[in-house]
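Protein chains in written order, with the working numbering: chain A, 1141 to 1255; chain B, 833 to 946.
Just so it is clear, CB atoms sit at the ideal spot from N, CA and C, and this is done for glycine as well.
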Amino acid sequence: GENVEQHPSTLSVQEGDSAVIKCTYSDSASNYFPWYKQELGKRPQLIIDIRSNVGEKKDQRIAVTLNKTAKHFSLHITETQPEDSAVYFCAASKTGGTSYGKLTFGQGTILTVHP
Amino acid sequence: DVKVTQSSRYLVKRTGEKVFLECVQDMDHENMFWYRQDPGLGLRLIYFSYDVKMKEKGDIPEGYSVSREKKERFSLILESASTNQTSMYLCASSLGAGGSYEQYFGPGTRLTVT
């Protein structure tokens, strides 16, 4: 089955700096890669996703890049703010057929943004 | 606005008890999922369901079973709770075939087995 590795496990930055979280996946058939953000005491929520036919996707201060050849994808947050502090999870999935959108998650990254 | 609710936020049970965790979604989603969340291990899939009465094992199904008798409701059952099942349990749902794969999560149930 799919295996997703996420690094680093913790990341501490100063407000205004950039943050990068990296994930690798094992199944070359995976074609959907979402990122979820979980604030303290709250439920995970989707913040951005990318499909394998796209190399990069951007939404305001966050962007995701995908390298299918190397089987890795990354989340980039620019101009970090204290409200970006949370646990971030990457995930991978095959879409269509009998996959039912089943996600395999990485281990999570605790991002702390210091004012 | 999708709403996924779980029956309890906190639950304390004794070893050997049968435990039921319930999840309800109100958006007519086809797919429903049960995860457990442990520090450093991320979210691990226990079971999922893609239709009423249909279920499939996830990555860590041992010690758990599920039930989906109605489309909106997905139950996780711990037949005989053990201390290593102390964890945060998260339910999620997604639209299904041909639709968005975004998963909407419930607030979680923190289960402690003593």
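Around the Cβ of B/Gly-872, a 10 Å sphere holds fewer than 16 other Cβ atoms; the residue is exposed. For A/Tyr-1165, not one C-beta of chain B is nearer than 8 Å to its own C-beta. Within chain B, no C-beta atom comes nearer than 8 Å to that of A/Leu-1215; the closest sits roughly 15 Å away. Here DSSP, grouped into helix, strand and coil, assigns B/Pro-893 to coil. With the criterion set as a beta carbon lying under 7 Å from some beta carbon of chain B, the members of the region 1208-1238 of chain A are Phe-1229, Ser-1233, Thr-1235, in sequence order. About 5 Å separates the Cβ atoms of B/Arg-942 and B/Met-920, confirming a contact at the 8 Å cut-off.
Inter-residue distance for A/Ala-1232 and B/Lys-845 is about 34 Å (C-alpha atoms, whole angstroms). A direct Cα-to-Cα measurement between A/Leu-1243 and A/Glu-1155 gives close to 31 Å.
Under the three-state reduction of DSSP output, A/Asp-1224 falls in the helix class. A contact between stretches requires three or more CB pairs, one per stretch, nearer than 8 Å, and the region 862-869 of chain B fails this requirement with the region 1218-1225 of chain A.
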